[in-house]
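Below is one structure; the comments refer to it alone.
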């Protein structure tokens, strides 16, 4: 059982380049999330998708776009990378919106460096 | 709005010492509470959870009790091991009965190092 799979695991970008982080889950979950993790800042929500076909902004959406391609896949795109976007990115999913007891499952993370 | 506050550490303990990591929250209604653990180079894993007041979550020797009167969910372990070295995150999920807002809020994380 793969759970939440995200790619790539490591990436170095030059300022101004674009890239897409891919995420897929095989647990038939409705809700999916993208977080970034920075030293001293904990986890901050970038975007989330409560169900297929819907997306909403989290705490730090500027500079990012997302696509909920289907129920399994939720991608995060950096259109013009900036050094401030150097971070570790985590994709996550859980069964349904509004059922607050459900566990969130995380991918293993993507380490992104923008130079 | 909802928020989670936890001691940031780093916390350094000797093996077999008692561990407490404090977590308090602010929320309307009846949120669910979680502790997640992140080992070096890995994603976050659920450690334990509690979905209503006075519930006690437990796993791998760790425990936390949902205290609504003090809005707290402190993590404890009686005897830590070197393998417990990790970052621990307290988290809150909004009350499903009060809102359809689908968001989980994490504390800043507490780094724990256990030395032999």
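Chains as they are written, first to last, in this note's numbering: chain F, 4 to 118; chain X, 2 to 117. Quick reminder that beta carbons are idealized off the backbone N, C-alpha and C, glycines included. Computed from a prediction, not measured in an experiment: that's the story for all the values here.
Cut-off 7 Å between Cβ atoms - residues of its own chain near residue i, not counting five sequence neighbours on either side
i                     : result
residue 62 (chain F)  : 47 and 48
residue 117 (chain X) : 16 and 83
residue 99 (chain X)  : Summary for residue 99 (chain X): the model assigns pLDDT 49, below 50, so the residue's position carries little reliability; its value from the coordinates is reported in the next sentence. Closer than 7 Å at the Cβ level, and outside the excluded window around residue 99 (chain X), lie 29 and 30.
residue 117 (chain F) : 16, 18, 84, 85, 86, 88 and 89
residue 60 (chain F)  : 50
residue 109 (chain X) : 7 and 9
Same chain only: Cβ atoms within 6 Å of residue i, ignoring 5 sequence neighbours per side
i                     : result
residue 54 (chain F)  : 33
residue 70 (chain F)  : 78
residue 38 (chain F)  : 46, 48 and 93
residue 52 (chain F)  : 35, 58, 71 and 77
residue 50 (chain X)  : 35 and 58
residue 114 (chain F) : 13 and 91
residue 9 (chain F)   : 26, 94, 110 and 113
residue 74 (chain F)  : 55
residue 29 (chain F)  : 5
residue 107 (chain X) : 90 and 92
C-alpha distance - residue i paired with residue j, whole-angstrom precision
i                     : j                     : result
residue 48 (chain X)  : residue 60 (chain X)  : 6 Å
residue 85 (chain X)  : residue 34 (chain X)  : 21 Å
residue 104 (chain X) : residue 14 (chain X)  : 33 Å
residue 78 (chain X)  : residue 11 (chain X)  : 17 Å
residue 76 (chain F)  : residue 27 (chain F)  : 4 Å
residue 65 (chain F)  : residue 82 (chain F)  : 11 Å
residue 64 (chain X)  : residue 18 (chain F)  : 45 Å
residue 46 (chain X)  : residue 41 (chain F)  : 18 Å
residue 43 (chain X)  : residue 95 (chain X)  : 26 Å
residue 112 (chain F) : residue 37 (chain X)  : 15 Å
residue 7 (chain F)   : residue 68 (chain X)  : 32 Å
residue 21 (chain X)  : residue 66 (chain X)  : 12 Å
residue 91 (chain X)  : residue 24 (chain X)  : 6 Å
residue 93 (chain X)  : residue 5 (chain X)   : 7 Å
residue 97 (chain F)  : residue 40 (chain X)  : 21 Å
residue 2 (chain X)   : residue 107 (chain F) : 21 Å
residue 54 (chain X)  : residue 21 (chain F)  : 46 Å
residue 26 (chain X)  : residue 18 (chain X)  : 26 Å
The ligand ATP heavy atom lying under 7 Å from the CB of residue i
i                    : result
residue 76 (chain X) : Summarising the ligand content, the structure contains no ligands, and the ligand ATP is consequently not present.
Residue i and residue j closer than 8 Å at C-beta
i                    : j                     : result
residue 81 (chain X) : residue 111 (chain X) : no
TODO: State whether the segment 74 to 83 of chain X contacts the segment 10 to 30 of chain F, with contact taken as three or more CB pairs (one from each stretch) at a distance under 8 Å.
DONE: no
- [ ] Could I get the ranges of all uninterrupted alpha helix (DSSP H) runs contained in the segment 29 to 109 of chain X, with 4 residues as the minimum, in chain order?
- [x] Counting whole runs of 4 or more residues, the segment 29 to 109 of chain X contains no alpha helix (DSSP H) stretch at all.
- [ ] Just list the beta strand (DSSP E) runs in the segment 24 to 87 of chain F, keeping only unbroken ones of 3 residues or longer that don't cross its boundaries, in chain order.
- [x] As far as the segment 24 to 87 of chain F is concerned, its whole beta strand (DSSP E) runs of at least 3 residues are 34 to 41, 45 to 52, 67 to 71 and 77 to 81.
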